[in-house]
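Asks: Letter by letter, the sequence shown follows residues -13 to 129 of the working numbering.
Before I ask anything, let me first share the structure, which is written out below as structure tokens.
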Amino acid sequence: MKKVLLVEDHLLLRMSITFMLSHEDTAAISCDSLECAEEALLNHAFDLLITDLKLSSTGDGMEGMRLLEMVNKMNAAIPVIIMTASGSAETEENAHRLGAYHYFEKPFDIGLLAQKVQALGHFDTPLIPGRSDGIRRFGKSTP
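So this is what it looks like as structure tokens:
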């Protein structure tokens, strides 16, 4: 069974991605804070980390980068996908330089996230069968 750690502080997005990832050969563990994610990484072996860049309004906005660095020190073979609603070209470049597998800016098409996860070769079954176009985009949208 494959294990995915999802770190996202927005409940609806966290639930949606967890639902997408959860099926018979995948266990999705979700956290809403840096502290929860650090504890999970220390206590479990994961095949993939999907994390928001900014995890709280009180943080510095780089919590996801700290998790990426932590994973690199523990096991650099674990792919990391970064998501953010407040990114920049410089932040994306830094994420890739630190070894991020992919970087998504919110809002994004959850189907693209599923494709990136499946491209890793870890997942044998479709992650979002029967997806309707009405529930594809997640995250904060700008007017």
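C-beta atoms are modelled at their ideal positions from N, C-alpha and C, and glycine is treated no differently.
Source: prediction; values computed, not measured.
In whole angstroms, what is the alpha-carbon distance linking T4 and E91?
Replies: Looking up residue 4 in the sequence shown gives position 18. Looking up residue 91 in the sequence shown gives position 105. Near 18 Å, if we compare the C-alpha coordinates of E91 and T4.
Asks: Out of curiosity, what's the CA-to-CA distance linking S16 and G85?
Replies: Mapped onto the sequence shown, residue 16 falls at position 30. Mapped onto the sequence shown, residue 85 falls at position 99. Whole-angstrom Cα-Cα distance: 22 Å.
Asks: Starting from the C-beta of F32, find all residues in its chain whose C-beta is less than 7 Å away, skip the five residues before and the five after it, and write them out in chain order.
Replies: Locating residue 32 in the sequence shown gives position 46, counting from the first residue. Here the set comprises K(-11), V(-10), L(-9), I64.
Asks: If you count every other CB in all the chains shown that lies within 10 Å of the CB of G125, and 16 or more means buried, which is it?
Replies: As a first step, residue 125 is located in the sequence shown; it is residue number 139 there, counting from the start. Here the model assigns G125 a pLDDT of 44, short of 50, so the residue's position is not dependable, and the following value carries that caveat. Buried.
Asks: Using DSSP bridges, identify the partner residues of A14.
Replies: Counting from one through the sequence shown, the residue named residue 14 turns up at place 28. Looking at the DSSP assignment, A14 forms a beta bridge with V(-10).
Asks: Going by DSSP, which residues form a beta bridge with E91?
Replies: Walking along the sequence shown from the start, residue 91 turns up at place 105. T70, per the DSSP bridge assignment.
Asks: Please classify L34 as buried or exposed, where buried requires at least 16 neighbouring CB atoms within 10 angstroms.
Replies: Position 48 of the sequence shown, counted from the start, is the residue given in the question as residue 34. Under this definition L34 is a buried residue.
Asks: Which one of L(-3), T77, A105 has the shortest CA to CA distance from S19?
Replies: What you label residue 19 is simply residue 33 of the sequence shown in a count that begins at 1. It is L(-3) whose Cα lies nearest to the Cα of S19.
Asks: What is the rounded straight-line gap between the Cα of T77 and the Cα of R52?
Replies: The residue you call residue 77 lines up with position 91 of the sequence shown. The residue you call residue 52 lines up with position 66 of the sequence shown. So the alpha carbons of these two residues sit roughly 13 Å apart.
Asks: If you run the structure through DSSP and keep just helix, strand and coil, what is I96?
Replies: The residue labelled residue 96 in the question sits at position 110 within the sequence shown. Three-state result, I96: helix.
Asks: How many angstroms separate the CA atom of L(-1) from the CA atom of M69?
Replies: On the sequence shown, position 13 is the one that residue -1 refers to. On the sequence shown, position 83 is the one that residue 69 refers to. Taking the straight line joining both Cα atoms gives about 11 Å.
Asks: Compute the Euclidean distance between the alpha carbons of T12 and A62, then round it to the nearest angstrom.
Replies: Within the sequence shown, numbered from 1, the residue matching residue 12 stands at position 26. Within the sequence shown, numbered from 1, the residue matching residue 62 stands at position 76. Each residue's CA atom was taken as its position, placing T12 and A62 some 21 Å apart.
Asks: Between which two residues does the alpha helix (DSSP H) harbouring L(-3) extend?
Replies: Here residue -3 refers to the residue found at position 11 when the sequence shown is read from its first residue. Counting along the chain, the alpha helix (DSSP H) containing L(-3) begins and ends at -3 to 7.
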